[in-house]
Amino acid sequence: MATRQRVELSSEQIAAFKSIFQDRCVTTESVLDEHGRDESAFPPVMPSAVIYAKSTEEVSQVMKMCYEQSIPVVPFGAGTSLEGHVLPIFGGISLDISMMNKILEITSEDLLVRVQGGVHRVALNEKLANSGLFFSVDPGADATLGGMASTGASGTTTVKYGSMRENVLAMTVVLSDGTVINTGRPTRKLSAGYDLTRLIIGSEGTLGIITELTLRVFGIPEKMSAAVVRFESLEDGVKAAATIVQMGTNIARCEFLDIASVESVNKHSNLNLSPKPTLFFEFHGSQVSVENDAQIVKEIVSEFNGFEFEWTSDESSRRRLWQARHDLYWSNLHNNPGKRVVSTDMAVPLSRLAEAVDTCEKILSESRFKFCIFGHVADGNFHCTIITDPKFPEELQEIRVLTHTMTSAIIAMNGTCTGEHGIGLGKIDALVEEAGQSSVDTMIKIKNVLDPKNILNPGKVLKV
Ligand SMILES: Cc1cc2nc3c(=O)[nH]c(=O)nc-3n(C[C@H](O)[C@H](O)[C@H](O)COP(=O)(O)OP(=O)(O)OC[C@H]3O[C@@H](n4cnc5c(N)ncnc54)[C@H](O)[C@@H]3O)c2cc1C
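Just so we're aligned, residue 88 is where the sequence shown starts under our numbering, counting upward by one.
The structure is reproduced here in structure tokens:
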């Protein structure tokens, strides 16, 4: 990776793109800067140009030109990823998909929607609501569907409805040489050939550019209710969450917040939650079923010394509570002005969850950094956010060592170095540790076949 040269586009190359894409080929400083950073704390790296594509044909045209001239291309959705995914570290073009924002078809009777890759998840849900439907995958940021598929995203409702891997049925993808392929079918079952859909999901723009997706959607539940419960210890809270899942309880969301997380949302969202390790729940169903599910959860948490169990079916209280949870990352930023947040995620089998959270808590407590632990514990998935001061860039190296120590411990527990954020730039070594060299070599072979010139988001996921 280190030997590869950065590609700067010549003025002739930029002129050639401008002659086709006109004012949608941009080289102004502010736009380059916007496309040279994501939500990670990695220092920005600018592309030579940003091209805004409007159709699959245009994406294919860009790729044909870049393939011929070996120009790196980094697909760009909303830029909310957290591991340096969109940084054009080898220069070239940032290919922005955000103008491909059409919802092409809603087929209520099939519970399916077909969208372009640049549609944002919030806009999709606003549109689906008119048909009594919703798309369930909800990362904390308003990401694009193409970006979400590309990172294998999940969110707070994955425990009930699944992640992008379960909810993308078919895609249109442009390969590195401009070839357009269709993967999957709009069917609930499919057993025809290699599963190219799931090969592209999680490939982080290194194998192809997703221009269209067919997604599963769900009917908006008749009733949603929420509950909160506190624990004296982090371990009790996490064990309670694992037990709730092991017993097959019908929960739609189950999120854990440590004390620092609760204090952060209290301050940011003007709430008054008890500063204790806390579980937030949501239940979806009928009035009777949500009451019943909440009662089962109440009984289970009491066995783990849960206290102050509060339940609400009031819509505005439920929304306020969950908005606070979704704002947790932003509360970390706002409560620490001028600082950056490094957000890492890991996942383990449920039986190791308490041990995993405890291990990471100990590692971080021994460091000099402020941190929070929270996450989608019902999936065995949790996040650690670590506050860093950009005035001291050397802190990032120290934090990298810390996250590596944590991921190594998690991998040793049969876990994964990332349940949802992906590998990007930040976890390339951890992937080798987790998957093993022969699996990574197999990934490299696949990469070499689909992207023989290594122009699609080079330097991410794999060291090639
Ligand atoms: C506050 C906050 C909370 C978050 N919470 C979660 C969470 O709960 N769960 C979760 O999974 N993630 C979470 N994330 C991370 C982020 O939102 C996801 O990774 C999201 O899927 C990225 O989508 P995006 O549109 O922003 O993609 P980008 O950041 O633009 O790109 C991400 C990667 O996908 C590639 N890419 C983008 N578009 C395409 C395309 N059309 N075709 C091919 N490749 C493409 C890019 O090259 C890059 O490698 C969070 C981020 C923030 C800031």
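Even glycine gets a Cβ: it sits at the ideal position worked out from N, Cα and C.
query: Residue-chain proximity (residue 229, chain C), Cβ-Cβ < 8 Å; result: Absence of chain C from the displayed structure is noted, only one protein chain being present.
query: Residue 470 (DSSP reduced to helix, strand or coil); result: strand
query: Sequence-distant residues of the same chain with beta carbon closer than 8 Å to residue 502, five excluded per side; result: 433, 434, 435, 436, 439, 443 and 467
query: Distance CB(residue 368)-CB(residue 314) smaller than 8 Å; result: yes
query: Classification of residue 573 by the beta-carbon crowding that lies within 10 angstroms, buried from 16 upward; result: The shown model of the chain, from 88 to 551, leaves out residue 573, and the question about it has no answer.
query: Test item: CB-CB of residue 299 and residue 258 under 8 Å; result: yes
query: When 147, 199 and 141 are compared against residue 183, the one with the closest alpha-carbon; result: 141
query: Bounding residues of the beta strand (DSSP E) (the contiguous stretch that carries residue 302); result: 296 to 303
query: Cα-Cα separation between residue 303 and residue 373, rounded to whole angstroms; result: 22 Å
query: Cβ neighbours of residue 441 in the same chain (closer than 6 Å, five flanking residues each side left out); result: 322, 325 and 326
query: Cβ-heavy atom distance, residue 188 to ligand 1, below 7 Å; result: no
query: First and last residue of the uninterrupted alpha helix (DSSP H) at residue 366; result: Note, residue 366: premise wrong, no alpha helix (DSSP H); beta strand (DSSP E) at 365 to 372.
query: heavy atom of ligand 1 below 7 Å from residue 362 C-beta; result: no
query: 8 Å Cβ cutoff met for residue 209 and residue 342; result: no
query: Every unbroken beta strand (DSSP E) inside the stretch 378 to 464 [3 residues or more]; result: 394 to 399, 427 to 434 and 458 to 462
query: Beta-carbon proximity check, residue 416 vs residue 430, cutoff 8 Å; result: yes
query: Separation of residue 102 from residue 253, as counted between CA atoms; result: 42 Å
query: Given 8 Å, three or more beta-carbon pairs between the stretch 263 to 271 and the stretch 232 to 240; result: no
query: C-beta contact flag for residue 168 and residue 511 at 8 Å; result: yes
query: First and last residue of the uninterrupted beta strand (DSSP E) at residue 116; result: Taken as a continuous stretch (DSSP letters only), residue 116 belongs to no beta strand (DSSP E), being part of the alpha helix (DSSP H) at 116 to 121.
query: Environment of residue 380 [buried if 16+ CB atoms lie within 10 Å]; result: buried
query: Contact the stretch 168 to 179 vs the stretch 130 to 138: 3+ CB pairs below 8 Å; result: yes
query: Nearest-angstrom beta carbon gap, residue 331 and residue 370 [assumed within contact, 8 Å]; result: About 11 Å separates the two Cβ atoms, so there is no contact after all.
query: Candidates 128, 121, 91 and 92, of which the one nearest residue 479 by Cα; result: 128
query: Distance cut-off 7 Å: residue 222 Cβ against heavy atoms of ligand 1; result: no
query: Ranges of the alpha helix (DSSP H) found wholly within the stretch 303 to 353, counting only runs of at least 4; result: 321 to 333
query: Segment contact flag, the stretch 151 to 159 with the stretch 533 to 544, C-beta cutoff 8 Å, min 3 pairs; result: yes
query: Buried versus exposed, by CB contacts within 10 Å (16 or more), residue 333; result: exposed
query: Residue 475 and residue 456 closer than 8 Å at C-beta; result: yes
query: Any non-hydrogen atom of ligand 1 closer than 7 Å to residue 169 Cβ; result: yes
query: Cβ-Cβ separation, residue 148 to residue 107 (assumed contact under 8 Å), whole Å; result: 7 Å
query: Pair within 8 Å by beta-carbon distance, residue 399 and residue 405; result: yes
query: Beta bridge counterpart(s) of residue 203 as assigned by DSSP; result: 299
query: Check: residue 304 C-beta below 7 Å from any heavy atom of ligand 1; result: no
query: Residue 270 beta carbon near ligand 1 (any heavy atom closer than 7 Å); result: no
query: Nearest-angstrom Cβ-Cβ length linking residue 199 and residue 136, presumed shorter than 8 Å; result: Contact doesn't hold; Cβ gap of about 36 Å is too wide.
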